[in-house]
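Asks:
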Amino acid sequence: GESVGLHLPTLSVQEGDNSIINCAYSNSASDYFIWYKQESGKGPQFIIDIRSNMDKRQGQRVTVLLNKTVKHLSLQIAATQPGDSAVYFCAENYETSGSRLTFGEGTQLTVNP
Amino acid sequence: DGGITQSPKYLFRKEGQNVTLSCEQNLNHDAMYWYRQDPGQGLRLIYYSQIVNDFQKGDIAEGYSVSREKKESFPLTVTSAQKNPTAFYLCASSIMAVRGTEAFFGQGTRLTVV
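Protein chains in written order, with our numbering: chain A, 26 to 138; chain B, 1340 to 1453.
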C-alpha cells in the first residue's frame, strides 16, 4: 500500500557509539528548550532542558548544546544503548506563547546491536 | 503514584459521532494541554488551559471542544465537524501556567474512525 504522512529524519548508530540529534528551532525569541523521547505507542518523556542563558547542559549520558546565533539545538547521547531507540523531539517556548511548547518534527533513532 | 491518566487507550468511532477522550492528573498542575500526533509527525497543539474554567485554542482547534471544570480534569471532545480525526491524542500538564516549565505527558489515546 501507499504510505501516508511524512517520513521522519532517521539516525542509525551502532550500540556503544555516541549519537548526535539535531534540531533547528523557529523563533529567535525562544528562551527555553526541552528534549523529549517518545517510544512507540507511548507519550513523550522529558530528557533534558536548557535555558537561553546557557549554551551547554549535561545530564546522565546526555548533553544538550544550544547555539542561539544559528537557532540550533543538539542532543548528544553517549554510549548509545538499544533502549535509546525512539523518536526524539525538541520543543521550544517563546516569549509570546505563555506556557505553550512548540514541537519540532522529531528524529527516529535506531540503535543496532 | 502521581501522573497523568488518559483513557481509553484505544477508541473507535463511527463517522458522524462525537467522542470524548478523558485526561486526569493528580500532580496538582495548573496548566493542561491536548496535542494531536499523526504518523511520522510532530505534536500539534489543539487546546490548552492555564486555569480552571478557562481555556484557549491552539493551532488546530477546529472540530474539537474542551472543558476545564476541575483542576485535575481536561476532557477533549472530538466532534463530527473534525474531518480527519484518526490520530494519536496526547494530554499533558505543567506545574505552572508560566513560561519555562516542562510538560508531563500521558500515555495517549489512539482514535480510529471506522
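Where is the CB? At the ideal position from N, CA and C, for every residue including glycine.
Can you check whether the C-beta of B/Y1387 is within less than 8 Å of a C-beta belonging to chain A?
Replies: At least one chain A Cβ lies under 8 Å of B/Y1387.
Asks: Consider the Cβ of A/E117: report whether some Cβ of chain B lies at a distance smaller than 8 Å.
Replies: No, A/E117 does not count as interfacial toward chain B.
Asks: For the beta strand (DSSP E) containing A/R76, name the first residue and the last one.
Replies: It spans Q70 to R76 - the beta strand (DSSP E) in which A/R76 sits, taken as one unbroken run.
Asks: Note down, in chain order, every chain B residue with its Cβ under 9 Å from the Cβ of A/E130.
Replies: Ordered by position in chain B, the residues that pass the 9 Å Cβ test against A/E130 are G1379, Q1380 and G1381.
Asks: Let's see if you can read the secondary structure: which residues bound the beta strand (DSSP E) around A/K62?
Replies: Per DSSP, A/K62 belongs to the beta strand (DSSP E) from S55 to Q63.
Asks: For B/K1422, which residues in the same chain have their Cβ closer than 8 Å to its Cβ, ignoring the five residues on either side in sequence?
Replies: Cβ neighbours of B/K1422 beyond the five flanking positions: G1402.
Asks: Starting from B/Q1446, find everything on chain A with Cβ-Cβ shorter than 9 Å and list it in chain order.
Replies: Residues of chain A passing the Cβ test: G66, K67 and G68.
Asks: How is the beta strand (DSSP E) around B/K1396 delimited, first residue to last?
Replies: Unbroken beta strand (DSSP E) run through B/K1396: D1393 to K1396.
Asks: How would you call B/E1408, buried or exposed, if buried means at least 16 neighbouring beta carbons within 10 angstroms?
Replies: Exposed, by the Cβ-count rule.
Asks: DSSP three-state label for A/L90, please.
Replies: Of the three classes helix, strand and coil, the one that applies to A/L90 here is strand, per DSSP.
Asks: Going along chain A, which residues have a C-beta under 9 Å from B/L1450?
Replies: By Cβ distance, chain A contributes nothing, its closest Cβ being about 14 Å from B/L1450, past 9 Å.
Asks: Against B/E1411, what residues of chain A qualify as contacts under a CB-to-CB distance less than 8 Å, listed in chain order?
Replies: Under the 8 Å cutoff, chain A gives no residues; its nearest Cβ is about 17 Å from B/E1411.
Asks: Does any C-beta atom of chain B lie closer than 8 Å to the C-beta of A/E27?
Replies: Note that A/E27 has pLDDT 35, beneath the 50 cutoff, so the model's placement of it is unreliable and no number is given.
Asks: The beta strand (DSSP E) that contains A/A111, what's its start and end?
Replies: First-last of the beta strand (DSSP E) with A/A111: A111 to Y119.
Asks: Apart from the five residues on each side of it in sequence, which residues of its chain come closer than 6 Å, Cβ to Cβ, to B/L1382?
Replies: Taken in chain order, the residues that qualify are Y1374 and Q1376.
Asks: Using the Cα positions of B/A1426 and B/L1450, report the straight-line distance between them to the nearest angstrom.
Replies: Going from the Cα of B/A1426 to the Cα of B/L1450 covers about 6 Å.
Asks: Among residues of its own chain, excluding the 5 on either side of A/S28, which ones have a beta-carbon nearer than 7 Å to its beta-carbon?
Replies: Residue confidence is low: A/S28 scores 30 on pLDDT, short of 50, so the model does not pin down where it sits. Its coordinate-derived value is still stated next. Answer for A/S28: no residue qualifies.
Asks: Using 10 angstroms around the beta-carbon of B/P1347, count the other beta-carbons present and answer buried if the total reaches 16, otherwise exposed.
Replies: Exposed, by the Cβ-count rule.
Asks: Measuring alpha carbon to alpha carbon, tell me which of A/N92, A/V89, A/V112 and A/N118 ends up nearest B/T1378.
Replies: The question names Thr, but residue 1378 of chain B in the sequence shown is Pro. Selected option, being the one with the closest Cα: A/V112.
Asks: Terminal residues of the continuous beta strand (DSSP E) containing B/E1363?
Replies: It spans V1358 to Q1364 - the beta strand (DSSP E) in which B/E1363 sits, taken as one unbroken run.
Asks: Out of A/Q70, A/L100, A/G123 and A/R86, which has the shortest C-alpha to C-alpha gap to A/S55?
Replies: Among A/Q70, A/L100, A/G123 and A/R86, the Cα nearest to that of A/S55 is on A/G123.
Asks: Please say whether A/P107 and A/P138 have beta carbons closer to each other than 8 Å?
Replies: For A/P138 and A/P107, yes; Cβs fall inside 8 Å.
Asks: For A/L122, does the three-state DSSP call read helix, strand or coil?
Replies: Residue identity differs from the one stated: residue 122 of chain A is Ser in this sequence, not Leu. A/S122 falls in the helix class under three-state DSSP.
Asks: Under 8 Å between the Cβ atoms of A/I72 and A/R82?
Replies: Contact: no.
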